Structure formats: C-alpha cells, structure tokens
Amino acid sequence: EKWNGDAWSNLLSFQPQFADRCVWEKLNGWNWSNLLSFQPQFAEKCAWEKLDGEDWVNLLGEQPQFGEKCAWEKLNGVDWSKLLRAQSQFGDKCVWEKLDGRDWGNLLSKRPEFADRCAWEKLDGWAWSCLLVEQPKFEDKCVWEKLDGRDWEYLLSERPEFKEKYKEFCGD
Numbered sequence: 004e005k006w007n008g009d010a011w012s013n014l015l016s017f018q019p020q021f022a023d024r025c026v027w028e029k030l031n032g033w034n035w036s037n038l039l040s041f042q043p044q045f046a047e048k049c050a051w052e053k054l055d056g057e058d059w060v061n062l063l064g065e066q067p068q069f070g071e072k073c074a075w076e077k078l079n080g081v082d083w084s085k086l087l088r089a090q091s092q093f094g095d096k097c098v099w100e101k102l103d104g105r106d107w108g109n110l111l112s113k114r115p116e117f118a119d120r121c122a123w124e125k126l127d128g129w130a131w132s133c134l135l136v137e138q139p140k141f142e143d144k145c146v147w148e149k150l151d152g153r154d155w156e157y158l159l160s161e162r163p164e165f166k167e168k169y170k171e172f173c174g175d
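Note that our numbering has the sequence shown beginning at 4, numbered continuously upward.
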C-alpha cells in the first residue's frame, strides 16, 4: 500500500466511502485529529493513544464531544491556552500551573473570564503589552516595571491612552 496516513486522512475527510480500504494503522495522531474533525463517525476506529496535546486541541476545537476521550495530561500550557480560547467549557479540566506568562496573556486576551485563576506574576513585559492591547481593563494588575522599550513601543502604538503610564514609569 503506497498511501500514508496523511493521504488517508485527507481522502476520508472528504470521501468517507473509501473507509473500507483504509489502513488505519498508518494514521498518526495529527491524521486522526484532522479526520475526526471532519468525520467524527470514525471515532470507534481511532487509536486515541496516538494523539498528543496539539492533536487534542485541534480535535476538541472542532468536536468538543470527544473531551470524554481526552488524555488531559498530554496538554501543555500552550495547548491549554489555545483550547480554552476556543472551548472555554474545558476550564474545569485545566491544570493551571502548566500555563506560563505568555500562555496566560494569550488566554486572557480572548477569555478574560479566567482572570481569577491567573498567576499574574508569570507575565513578562511582552505578555503584558499584548494582553493590555486586547484587554486594557487589566491595567490595575500590571507590573509596569516589567515592560521594556519594545513592550512599550507595541503597547503605545496600539493603545496610546497608556501614555501617562509610560511617563510615570519611564519618564519623558
């Protein structure tokens, strides 16, 4: 058989009638997450153990009903941030300690409802500037001393209303 897992996943995503010809063992975790995103009826054939954290995020973003199958321990901080941005209902499964400052910034920029879980001290200057561009309401939590020139440049280019904070912490 000359077909690899990518080819099978791609074909079956759009033409599931060829499933009887598929060599299922050739599919890796990414192939499975892509296929099940389009054709969830193949779940009974899935080798779930092949899915890593990124594969789970891809799949659950499209088909959250597979959360009951998820190996949550495989998700790292980046994975959790991406997943919760798309599917916030999985917050009760999250191991919050896995998120670093950038993960928190990315998550809170779209899902501020998780702020009560945030380890604010983990955010660096860049994470703060990116977060404040999207969610300026968190300015009272910001450790302004963490922002360097590049962080301020980005923040002020997107949110000039922080000019007074800049003057306060950096002078003129």
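The beta-carbon is built from N, C-alpha and C at its ideal position, and this holds for glycine as well. Nothing here was measured: the structure is a model prediction, and the numbers come from that model.
Using the three-state DSSP reduction, which class does residue i fall into: helix, strand or coil?
| i | result |
| --- | --- |
| W6 | coil |
| L14 | helix |
| Q42 | coil |
| A50 | coil |
| K79 | Checking the displayed sequence, the identity of residue 79 turns out to be Asn instead of Lys. Three-state DSSP puts N79 in coil, outside helix and strand. |
| A74 | coil |
Verify whether the separation of the beta carbon atoms of residue i and residue j is less than 8 Å.
| i | j | result |
| --- | --- | --- |
| G56 | K72 | no |
| K166 | W147 | no |
| Q90 | G64 | yes |
| F17 | A46 | no |
| S40 | Q66 | yes |
| D48 | W75 | According to the sequence displayed, residue 48 carries Lys and not Asp. Their beta carbons are not under 8 Å apart, which means K48 does not touch W75 by this criterion. |
| L126 | F117 | no |
| G128 | D143 | no |
Which whole-angstrom value describes the C-beta separation of residue i and residue j, a residue pair presumed to lie in contact below a C-beta threshold of 8 Å?
| i | j | result |
| --- | --- | --- |
| S112 | C133 | 7 Å |
| W155 | C145 | In fact, because the Cβ distance is near 12 Å, the residues do not count as touching under 8 Å. |
| L102 | G80 | 4 Å |
| N7 | K29 | 6 Å |
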